[in-house]
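All remarks here apply to the structure that follows.
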Amino acid sequence: MAETPALDSVDPVTAREFRAAVLEHYRLEGRSFPWRDTHDPWRILVSEFMLQQTQTIRVLPKYLAWFERFPDMECLVDAPLADVYEAWRGLGYNNRALRLRQTAREIVSDHGGSVPVDERSLMALPGIGRYTARAILAFAFGKPGIVLETNIRTAFIFHFFPGAVGVSDRELEPVAAATMDEADPRTWYYALMDYGAWLKKREPNPGRQSAG
DNA sequence: CTCCTGCATA
DNA sequence: TATGCAGGAG
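All residue numbers for the first sequence refer to my numbering, where the first residue is 348 and numbers rise by one.
This is the structure we're talking about:
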């Protein structure tokens with residue numbers, strides 16, 4: 348890291364005010380989910396696999412049923428593929444269920460059964476890219492990092508690039524860095540996601556741009 | 001960069 | 001019925 352001198356595209360006062368507003372919104376209207384009530388890295392990992400492709404409302408019952416059937420990582424490692432697909436049914440993208448089992452297997456075989464705590468190792472696992480790796484680090488381990496996801500992009504664009512279309516992640520990253528709550532990235536990103544989701548409900552399509 | 005998925009929505 | 005989605009992979 349540290350090749351681009353991240354100049355402040357957001358001054359500290361603006362960043363602080365933005366943080367305060369988002370956290371206040373979270374306090375008033377923040378959502379509650381079972382995967383937010385745990386720090387268990389495996390549970391958070393499973394939730395992120397599901398949330399990659401499916402909205403929270405539909406993930407919720409599947410997530411709960413999943414852990415009824417596969418209470419821990421080892422249960423999934425040993426599970427027949429047919430059982431895995433059956434538990435996944437309704438979420439779509441069956442290949443990702445396969446990748447989730449493969450990730451469980453690799454965590455057991457290569458990491459002693461513990462979800463790795465570094466981005467590179469996480470990204471080496473099948474089905475885990477930059478977003479999911481950093482989300483796991485933030486939500487399970489409280490490690491700060493730049494996490495860009497659709498709702499978070501919406502929140503940043505709405506406030507810092509109002510009306511703009513096609514804002515790139517390269518442009519959003521300095522904003523993410525300047526506004527992040529290093530002391531509590533977990534709460535911060537929950538709040539930011541909820542705020543973005545809330546904005547989308549009110550004003551559809553404030554703009555999106557995929558990763559590069 | 002493009003392609004992929006399985007569902008939701010237009 | 002066609003297109004959009006949202007993240008990972010190639």
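Even for Gly, the Cβ is constructed at its ideal location relative to N, Cα and C.
None of these values were measured; they are calculated from a predicted model.
Check, Outcome
"Candidates 438, 538, 491, of which the one nearest residue 466 by Cα", "491"
"Exposure of residue 386, with buried meaning 16 or more beta-carbon neighbours within 10 Å", "exposed"
"Rounded Cβ spacing between residue 542 and residue 482 (contact assumed at less than 8 Å)", "With a Cβ gap of about 16 Å, residue 542 and residue 482 do not count as contacting."
"Whole-angstrom distance between residue 454 and residue 463, CA atom to CA atom", "8 Å"
"C-alpha distance - residue 558 paired with residue 418, whole-angstrom precision", "Caution applies to residue 558, whose pLDDT of 34 falls short of 50 and renders its modelled position unreliable; the value that the coordinates give is listed next. Using only the alpha carbons, I get a separation of about 33 Å."
"Simplified DSSP assignment, three categories, for residue 488", "helix"
"CA-to-CA distance, residue 429 to residue 529, given in whole angstroms", "42 Å"
"For residue 391, the three-state DSSP class (helix, strand or coil)", "helix"
"Short Cβ contact (8 Å threshold) for residue 495 with residue 519", "yes"
"Cut-off 8 Å between Cβ atoms - residues of its own chain near residue 487, not counting five sequence neighbours on either side", "386, 387, 388, 391, 392, 462"
"Per-residue burial, residue 474 [other beta carbons within 10 Å of its own, 16 or more giving buried]", "buried"
"C-beta atoms of residue 403 and residue 439 nearer than 8 Å", "no"
"Where the alpha helix (DSSP H) containing residue 543 begins and where it ends", "532 to 549"
"Residue burial classification, residue 360 (beta-carbon count within 10 angstroms, cutoff 16)", "exposed"
"Residue 409 and residue 420 closer than 8 Å at C-beta", "no"
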